[in-house]
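For what it's worth, full-length UniProt numbering labels the leading residue of the sequence shown as 1, then goes sequentially. Worksheet: one structure, shown below.
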Amino acid sequence: MNDLCRNAKLIEDEIDKKMLELCKFSSGYSSNVATKRSNEELTNDREIISGIQKDIETCHSHLQSINEQMATSTLPSHVKQRHGEILQNFLLEYRRLRSSLQDKMERNKLFSHVDYSSKNTNGSSLLNRQNEVLMKLFSFFIH
């Protein structure tokens, strides 16, 4: 039975590391939104994110399996309950983080075609750029 707890702890640590990696990537991604990024860089970002997400989902699956084995074991109920709570917390946090990152990626996609250069900074040019952004956002929510 100690093997189940040890394996659960190892997987929980792995999920924690992957979640931290995804969180750091998400933070860096939001700071890169303001800079022009090439399609190749954006594709590479998506591949990295996808890989991290697959790793996290695989770990969640393994941890779920271990928790199911614990449920039928002779481990104390508080140990079973705690590992179940840890899994639920990881799942909740992962969904929140994944949603936040998807929102950032969508926002970046929407604004990627808007030219914010300072070539022409008169009021009408700024107003035109703001209108362009608003129209893109409006069309995004309509479709």
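Backbone N, C-alpha and C define an ideal beta-carbon position, used for all residues, glycine too.
For residue i, which of the options has the nearest alpha-carbon?
i, options, result
"Leu91", "Leu75, Asp103, His62 and Lys80", "His62"
"Arg6", "Ile48, Phe25 and Asn67", "Asn67"
"Glu57", "Met105, Asp16 and Glu132", "Asp16"
"Leu87", "Arg46, Ser65, Glu21 and Met105", "Ser65"
"Leu22", "Gln53, Asp13, Asn2 and Lys80", "Gln53"
"Ile11", "Arg95, Val133, Val79 and His83", "His83"
"Arg107", "Thr72, Asn44, Gly51 and Val133", "Val133"
To the nearest angstrom, how far is the alpha carbon of residue i from that of residue j?
i, j, result
"Leu110", "Lys136", "7 Å"
"Ser27", "Ser100", "10 Å"
"Asn2", "Gln102", "38 Å"
"Arg46", "Lys9", "29 Å"
"Pro76", "Asn89", "20 Å"
"His78", "His60", "20 Å"
"Glu41", "Thr74", "51 Å"
"Glu14", "Ile48", "17 Å"
"Arg96", "Lys104", "12 Å"
"Glu85", "Tyr94", "14 Å"
"Thr43", "Ser50", "10 Å"
"Lys80", "Thr72", "10 Å"
For residue i, decide whether its Cβ has a neighbour in chain C, counting only Cβ atoms nearer than 7 Å.
i, result
"Met19", "Any reference to chain C falls outside this structure, which holds one protein chain only."
State yes or no: is the C-beta of residue i within less than 7 Å of the C-beta of residue j?
i, j, result
"Asp55", "Lys24", "no"
My understanding is that residue i touches residue j, with C-beta atoms under 8 Å, so please give their C-beta distance in whole angstroms.
i, j, result
"Leu20", "Met70", "About 25 Å separates the two Cβ atoms, so there is no contact after all."
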